[in-house]
Structure formats: structure tokens, C-alpha cells
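Protein chains: 2
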Amino acid sequence: MTHAEAQNVAVAESATSGRRLVQVILAGGSGTRLWPVSREQYPKQLIDVVGDQSLLQATMKRMDGFTKAWDVAAEPVIVCGAEHFHATSGQAADCGVKPCVVVEPARRDTAPALTLAALAACADGDDPILVAMPADHAIADVPALHRSIELAALHAQEGEIATLGVPPTSADTGFGYIRLGAQLQDGAHRIDRFVEKPAAELAAQYVASGGYWWNSGMFVVRASVWLAALKVFQPDMHAACMQAYADARRDNGHIAPGADAFERCPSDSIDYAVMEQLGKPASPFTAVVVPLEAGWSDLGSWDAVWQAMDKDEFGNVANGRVLMEGATSTYARSQGGRLVACVGTSDLVVVETDDAVLVADRSHVQDIKGLVSRIRQTKAPEADNHRKVRRPWGFYDSIDHGERFQVKRIVVSPGGRLSLQMHHHRAEHWIVVCGTALVTRGDEQFLLSENQSTYIPIGVQHRLENPGHVPLQIIEVQSGAYLGEDDIVRFDDKYGRCN
Amino acid sequence: MTHAEAQNVAVAESATSGRRLVQVILAGGSGTRLWPVSREQYPKQLIDVVGDQSLLQATMKRMDGFTKAWDVAAEPVIVCGAEHFHATSGQAADCGVKPCVVVEPARRDTAPALTLAALAACADGDDPILVAMPADHAIADVPALHRSIELAALHAQEGEIATLGVPPTSADTGFGYIRLGAQLQDGAHRIDRFVEKPAAELAAQYVASGGYWWNSGMFVVRASVWLAALKVFQPDMHAACMQAYADARRDNGHIAPGADAFERCPSDSIDYAVMEQLGKPASPFTAVVVPLEAGWSDLGSWDAVWQAMDKDEFGNVANGRVLMEGATSTYARSQGGRLVACVGTSDLVVVETDDAVLVADRSHVQDIKGLVSRIRQTKAPEADNHRKVRRPWGFYDSIDHGERFQVKRIVVSPGGRLSLQMHHHRAEHWIVVCGTALVTRGDEQFLLSENQSTYIPIGVQHRLENPGHVPLQIIEVQSGAYLGEDDIVRFDDKYGRCN
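Chains as they are written, first to last, in the numbering used here: chain A, 8 to 506; chain B, 8 to 506.
What follows is the structure, encoded as C-alpha cells:
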């Protein structure tokens, strides 16, 4: 009997014991290691780092085509921060997914996030197996991922907690490692322990020994088992999450757990809060690591992005308007649309955005996190904010500014509606360049179409809406002595931003 | 008697033989080797490459403080191309210099340029000594330059043609070399011959031999001597220049030689057209090379710029909004105002502008010229044009564009006046954000001040002027199906652009 046949028999035998899978997407990251493309305001998972869809979107599609022998829920559970809720649900809608979104009131790492997801997945009285994965990783070989998940799910059916481990292909110092325990018949291993990102020498020893796998951050566990394990090992975390979930508000397919309780929740990762405890003698739970050989990358640095992408004959990756002249092993990305030219460079990362340019030696990409901290200390906006600012109704981009003026391009999605607002210090000129605007100005309300304009004097209540079916684009010229975003008095807001 | 004393005696002895010096600035360059900062439309000499004034402005100030023993004309003669005339005279005005500007109808290299300058310098019947220098070089030690020029001028007084040669400090392959002939008493040498930019090995031999100096491209010669030498060695060039000068139009302190005659003029450099001929047995002229040890740089590449600038303890040069994190020997320039971060880079050049980013290994900067040719072949505007476009009345900057719209910031200098014009395919919205505009629209004429706006429908004649004393800034939003610069019908233009 082959390995695959053995697996099929096992699947058939356990068919009665709950074959429902719910994908849980952990989208709480705010990675700065891919700065300047990824920033706190709009982080990595929301961006098309390696393909033509965002990492989150690729992740949402990752269970598509999973074997029919299992019942994969159509709705994934996505856990994300409040500041990314609109972008997350917008991206889901754009690719036809209707997820259950759990909006974390605060950042508490992955263990509380998985706990909230488990509670949401059980809300209809079911007890599914959770397939938890970060929103910001890349997988080249999805069928191979599916095979690993299926194997892990078989363990989860038996009440075990499974993680996916990646047999290492290099002595990478950017990952945590899992020290393998006893090997099982199906190729999985018991878990001996989790190891933090090692130094280079130690990483080399790990890889040479054959006894360590990379920690992928993906887990497969039945919801009730996770909750029970958390209660045993992290009772405070369990209690805080239960309370936060009990206090949750539900609205439009998203769940907002109670902030007071959740803020009291300890912060910890799945690995350290639970997985590491499982091997202890008194533990009533069993952990297992299942091998994942699917071209996995955590895209945890620009070097990892370069590694994960197709290269030309000289090892270069060119993304956008890029010219290479005698370059080798160079990753260059033009995100803001400017022409980027690399001449005679080697082992280099070049990333251009609307407001920043990063040039980094490939061997120094781990220093980018520190760089972003330095930028943050100078209070420069480029640390955390993009020039293009996403809002529930669309986005704006600050295209020019001077001493007493500022120019923005404002794009309002069909049906989008800015708050009814007023400014104390600036007047605004609006020129419609695409689509149709419904403008409220004082007591008037009127439509503007392409090539029409209006003027909003200082102190006059106004509102901009897109009543049409195509995106509305306007150029807004602000004129005044003070042009800060905080000069805004909101009277009414569709998205609840008046409070 | 010291060397300086000997010189003083010589000066005194020749006091009666014409001690008038006229600085000639050769500003016809269009260098692409400092792309993306220097482009054909607005080249290197017009840009503040190493200091807070442009290289041209630094050159115009370079005779300031010259010893009173000589009579330096207050007005330099500047020779430039027609496309750079407005910028050149504008920069002169900005630093209080009123030059005589000779506008070349075509590019014919430095020998014809110096010839036109010689004719202009003799226009009042004088026969001064010309001190000719390129507009785009840097000199660290101006007093040392003055000493070299004075020594050269003494030779010029005797009817010789002097060039300044730089005793080499490295085996640079970016310069031409001068092979030294017999040494004279005052430290100058006869010239054996001029040598094109050598390969690395040959350059090393030259430097090791001690018999070669770098060719700085600076010359000191009496006007009549230059003209006589040219007539002997390049009679066609001489005739063409004489005719072009005879056909010249004079206007507002600038001279526009006749295009027909000048276009027939052969193209050649001072070195090859004349200097190389002087050593020939039958030559009635004598050439001499005077040493220049003044921290001279031709700024002929980004590497040369890096060499010429003050560096931090790690060899880095940061110009503008630049952050270095573990970088060494890195030159980084933020010209467009974006944050440029260099992480762990070494021996690298990073140059950011509004519309392009160059990243080049320092040892490959000579390949930039080829890169620009490649960009030009793709018809991308970034090869030759800046996003910010200078006009006689000021400039405009294209700050945003979309499918049927374009947004420009237009800055009009005090007294500046755009042409009376009309567009077939676009309407324009103008919002004044600084200063005062005098607007002509159809039959109307009216003033707009800050925070006021107007609308120019398709097909309506219009004109924008700045009647005030501060720069006028407007935001122009163009709306229409075709937005090319060539959709313009000019009816009247202060700057003669209707023809």
C-alpha cells in the first residue's frame, strides 16, 4: 500500500468523526520588514507582493480545489485589526469571498486571534477542524499544501494539535525552527520543542543534523481541542477571550469582540502559549508536526521575496517600470510608477514607492526593521503611512502641496459616501475628472459630472458621494493657513466615524 | 627671486601690452552622464550638482577676486544653446551677473563656440585675452585657479595659446591627457600632443611616467591670436563663424549668430581643431600648458561627483532626504524630495528625481550614457525631459494624470506672461494658490487672487499673466480626450514662440 493509499483508508475510516474544515486566516500582521511597500497603515498581506493579487487574496483562495473527501466551509474566518477591516473585507468582496471577519480590538499575537476564530467557527453549534494560516505567506505548490493539510487534519480528527513544518533547504536565520521528536508512520513527527530564530552557526547545525524543520506558522486543530488546551495552559487568556467574545457586537458579517475584556488578554503566539506546553509530561494533549514541501515562503524580507520569484538569466527580478543594465541578482520594484534603472548592481534590493525609495544590500535586509524604527523616531510619515490613504469609501492621494495649499486626488467607490463635514481653516475646490458626484454644500444638493467643479468655502458643511456605478475621481485643491487632517468636524458618517 | 616675485616682474614688464581679460564660459553641454538629474532639456551646468548654486553660477563667479593687476571685464561671454538661453540668462540675473550671451544656432563643439565668443569679445574694437572655461566643472581652490590663469595670461600676452593641465592624482580613464613637451622656467610646459581618454593600463603608464597631465578644457588666449590660428588651421570653420557672426541678430544683451552659416560650420573641439596643430614644424603659433592644482573636477560622472564632495566617516555623501543605515562609500541624492534609505550598501550611487531613480555601482557609472540611449530608444520621456518643464515665463510640473485628465502646477515669475492660446481638445480649470493672476478669457480680462478659480472652456482664447511681485502659483486641472502638449494654438507670445 502506498502512502497515499494508506491515507485514503485512514480518511475513509474516520469519515464519521467530523470532516468539516474551516480556514482561519490570521491577518493581524503589520510587518515593516517589507518597508516601504508594507507599512502599518496598509501592511504586507493587503499588497500584491509576489503576484497580481494581494497575499490575503491568494490566502483566501488557498483552500480552493481541496479534496471533496472533506467538507471545507465556504466562508473562511479572517482575524484582523480594526484599522484594516475595511481593506480586508473590500479585498474579500473583490475576489468573491464572503468571509466572517473577526476584528481584534487590540493586538495580542496569534494565540488570542486563533481563540476568537475558534469561537466564531463554533458559533452555529458545530465543532469544525480549524486550518489556521497567516495571511501573508506564499505557497508555490498548492496541491502539495493540500496534501499536508489533509494529513494534519487526520491528526486533528484524533484530537491532536498539528502544525506544518518545512524541511529546511538552507540555514535560514529568519525563521523559527521545530526540533523533531519521534517519527510517526505517516511521515509526521512528535514535537520536541520550538526554537527562536537562531544565529547563523546554530542554524547551520540544525539543518545539518536533519532533526529540525522550519516553523511555518500554520496549524490544524479541532476548535474544541484548541479551546480546551488554551484553558489548561493559558487560563487567563482563555477567560479574557471568552469574555471578549461574549461581549461581541455583530454587524454585516463581522464580529467585533469586546474591547475591555480583550485588552486585558495576555499577548502570546500559538507556539509559545500552547504548542510548547504540549510535550510536558502532564499534558493531556498531543502535538504533531506534519511536513510541508510546497515551495513555502513567509516573504519575511525582501531577500525572501527575491528568492520566491522567477528570475531572469542574471538572477534579476524586475517589477514595474524597471531597466537593468549589467545588473545581477538584483530585485527592483517600481511601485510608484517612476522609471527605476539599475546599472551594474549586484545582490541588491531596490524598492520605489510614491514617497520613499529603499536601496538595500541583500545581506542586510534584516536591518530594515531597525531603519523603520529610526524613521518613526523622526516622526516622518513614511514610517507607517502611505501617501495614498485608504478609507472605507475609497482613497485619497496627496499629489502636491505648498505653503498654503494642498492638492489631493480623491477616488470614491460606487456607493461610497464621505462624512458630512466642515473645516475651520481651509476652503476646497473640487473638480470632477471621472464619474459623477453628488455634492451636499450647506443646504444645497447637486450633481457634478466630468469637467464640472464646485467650491466649498471655509466653515460650510459639505459631503461628497458617488451615486454612480463607476469610481468617482475628483481633484481637490485645498487653500488655507492650516491644512492638517485633524481640521475636520464630522456631523454624520456612514462608517461610524463621528464618535 | 621667488617664483611669485619673478611673475610680478613679468607682469610689470608687460603692463602696456593689453591686460584686459574676458571670461568665456562654454555652456553648450548637454551631458547625460549625470542622468537622471542632468538631461538634455536641462543639463548639468544649470543644476546645483555640488553646492547650493548651479555649476554655471559658480563658474560665473569664478573670476571674482582676481588680482587687480589685471583688468577683468565685468561681463563674461557665455556661449550656450538656444534651448538653454532663458535658463542661462535667468540664472545669471539671479546672481547679479549681466553676461553677453551668444546663442549657438546649432551644436558645433567648443572650437566654433570659442570663435563666436572671441568675435563678441572684440566687438568694441578691443583685443582682450580670453579666459575660456566649461560651465560645468568644479574648482575647490579658486585662488590656486587664479594663480594658474595669471601665469597662462602672461603667456597669452606673448601671443601664445595656453591651456591649463592638471597634474594627475590617479590613473583616471574619464579624462583626456596632455603629453608634456619641454619644461619652461615658470613651471609651464610646451605641449607635445593631446591624448584621447585612455584605457586603464595606458592611463596608469601615463601617470607613472610623470609626463602627462589631465586636460582640463580651460584655455587662455588673446582673441586675435585665436582667430588667426583658426584661420590658419581651420579655414572653413573660421569662414563659417565669421559669416555667422556677421549675420547675427542682437537683442537684449544676447547675440544670435546666423543659423545658415553656422550650420555649415565643421564641428570640432579646441584641442583637435587648433591645439594639436600648434606643435607642427611650420606652425607660426606656440602652445603651452600651465599646471592647475586647484581641486579641479569635471564632474563627468556620479563617481566624480562623489569624489568631489565632503564625505562622512564612512565615505557616504547624503544629499537631501537621505537615511544611511550601515552604508559605506555611498552617494545618495534625493532630488524629488522622497525619503531615500540606503541599508548596508557600499560603493553605490543612488539618485532620486521626480520621475526616475538611478541605482548604479560606482565602478559602472560610465554605463549610464548607454542606459540613457536605451531609454531614449523606448521613447520614454525620462531620457531627455524633466517632469518639471522650464519656460521663459517660469515652469510647470505635471503632478498627476489619468485617462482623461491631467493636473499641473504652474508657476509664473513676476512679470511673466504665457502666450495667448487656445486648445481644441481640452478644457482647463485654474485655481490660484499663491500670488495674483491676470487672466484673459475670450473678451474678458480679470484678476484672480489666492483661493479664487476660473474655467477655460474648449476653444476659448486665454492667457495667464503674473502682474505681481511674487511668483504666481496655480493648479491647472485639464479635462479632455486628448491632453498632448501639441494641442496648442498660439496667437501672441512675448517670447517669440508663435512662429
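Just so you know, even glycine gets a beta-carbon here, dropped at the ideal spot from N, CA and C.
Partner residues in a beta bridge of L299 of chain A, as assigned by DSSP, do not exist. For the C-beta of V347 of chain B, the chain A residues within less than 9 Å are, from N- to C-terminus, A363, V364, L365 and V366. With fewer than 16 neighbouring CB atoms inside 10 Å of its own CB, T385 of chain A falls in the exposed class. Look at S405 of chain B: its C-beta is not under 8 Å from any C-beta on chain A. When CB distances to chain A are screened at a threshold of 8 Å, the residues of the stretch 449-467 of chain B falling below it are E457, N458, S460 and Y462, in chain order. In the DSSP assignment, I482 of chain B falls within the beta strand (DSSP E) that extends over L479 to G487.
With the criterion set as a beta carbon lying under 8 Å from some beta carbon of chain A, the members of the stretch 371-403 of chain B are H371, V372, D374, I375, G377, L378, R381, I382, A387 and E389, in sequence order. Among the residues facing chain B, A139 of chain A is not included, as its CB has no counterpart in that chain under 8 Å away. What A434 of chain B touches in chain A, judged by beta-carbon distance under 7 Å, is N458, going in chain order.
Counting only the Cα atoms, R470 of chain B lies some 5 Å from T447 of chain B. Looking at the DSSP output, W437 of chain B sits in a beta bridge with B:T461 and B:E483.
Excluding the 5 residues flanking it on each side, V295 of chain A has same chain C-beta neighbours closer than 6 Å at H162, E167, A169 and A195, in chain order. Taking 8 Å as the cut-off, the Cβ atoms of A315 of chain A and S308 of chain A do not count as close. Contact note: T352 of chain B reaches chain A through L355, V366, A367, D368 and H371, using a C-beta cutoff of 9 Å and chain order. For chain A, the residues of the stretch 473-500 of chain B that bring a beta carbon within less than 7 Å of one of its beta carbons are Q480, I482, V484 and S486, in chain order. Of all residues in the stretch 327-346 of chain B, those with a C-beta nearer than 9 Å to a C-beta of chain A are R328, L330, E332, G333, A334, T337, A339, S341, G343, G344, R345 and L346, reading in chain order. For G409 of chain A, the chain B residues whose Cβ falls inside 7 Å of its Cβ are V440, C441 and Q480, in order along the chain. By the rule that beta-carbons nearer than 8 Å mark a contact, E359 of chain B touches chain A.
Contact of R46 of chain A with chain B is not assigned, every C-beta pair being separated by 8 Å or more. With fewer than 16 other CB atoms across the displayed protein chains lying within 10 angstroms of its CB, G58 of chain A is exposed. Close to V414 of chain B, with beta-carbon spacing below 8 Å, are these residues of chain A in chain order: I406, D407, V414, R416 and I482. Per DSSP, A390 of chain B has no beta-bridge partner at all.
At a cut-off of 3 residues, the continuous stretches assigned as beta strand (DSSP E) that sit fully inside the stretch 50-98 of chain A are 84-88. Straight-line measurement puts the Cα of V108 of chain B at about 7 Å from the Cα of S96 of chain B.
Unbroken beta strand (DSSP E) runs of no fewer than 3 residues, entirely contained in the stretch 162-191 of chain A, are found at 168-173 and 184-190, following chain order.
Fully contained in the stretch 295-365 of chain B are the following alpha helix (DSSP H) runs of length 4 or more, in chain order: 309-315.
Only exposed fits S370 of chain A, as fewer than 16 other CB atoms lie within 10 angstroms of its CB. The DSSP-derived three-state label of I495 of chain B is coil. Short of 6 Å from the beta carbon of A334 of chain B, and not among the five residues preceding or following it, lie these beta carbons of its own chain, in chain order: N323, C349 and T352. In the DSSP assignment, P141 of chain A falls within the beta strand (DSSP E) that extends over I136 to P141. Going by C-alpha positions, Q413 of chain A is about 18 Å away from E389 of chain A. In this model, F292 of chain B and H144 of chain B are separated by some 28 Å (Cα to Cα). As summarised for the stretch 182-243 of chain B, the continuous alpha helix (DSSP H) elements at least 4 residues long and confined to that stretch are 207-216 and 230-240, given in chain order. For V29 of chain A, the secondary structure class from DSSP, reduced to helix, strand or coil, is strand.
The distance from the Cβ of Q459 of chain A to that of V439 of chain A is about 5 Å, consistent with a contact at the 8 Å cut-off. Distance from the CA of S405 of chain A to the CA of H408 of chain B, rounded to the nearest whole angstrom, comes to 13 Å.
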